[in-house]
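One structure is given here, and the rest of the page talks about it.
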Amino acid sequence: MKLRIFKYGMFLYALLTFSITSAQTIEQEIAKKSCECFQTKLSAEGQISNSQRQKCISGSADEVLKSKDPQEVKRLTKNMEEVTEKLKIIYKLVEKCLQKTDSK
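With positions in the sequence shown counted from 1, the corresponding number in this note's numbering is that position plus 69.
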């Protein structure tokens, strides 16, 4: 009986670990989509304009938020300070992507 409980516990632990490590935050999702957008907007010289960057980021944020439950979006966007902090995180993540495109 103890072995069965142990196996069940290990299964639950593995399942939880997998779902936590594969989950992305909203910020990560937006940054990932933004980076994908940047790749499509690069000029022949490998550059992207500031206006195109802004369009990619805002379009990606819009797309990600529209894909979420409206209650979750409301919870995420009700506090302006939290939104500002999330934007800072997004821009830090996007900077890494931009550094990769600038070095090509």
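Virtual Cβ for every residue (Gly too), placed ideally from N, Cα, C. Since this is a predicted model, take the numbers as computed values, not measurements.
Considering only their Cβ atoms, is the gap separating S129 from K102 smaller than 9 Å? yes
Could you check how far apart the C-beta atoms of V133 and I99 are, in whole angstroms? I think they sit under 8 Å. 5 Å
Taking only three categories from DSSP, how would you classify E114? coil
Distance, Cα to Cα, C166 vs E154? 19 Å
Look at the alpha carbon of C106 and the alpha carbon of Q121, and state the distance between them as a whole number of angstroms. 9 Å
Which of the three DSSP states is assigned to S127 in this structure? helix
Out of T94, Q168 and C104, point me to the one whose CA is closest to S127's CA. C104
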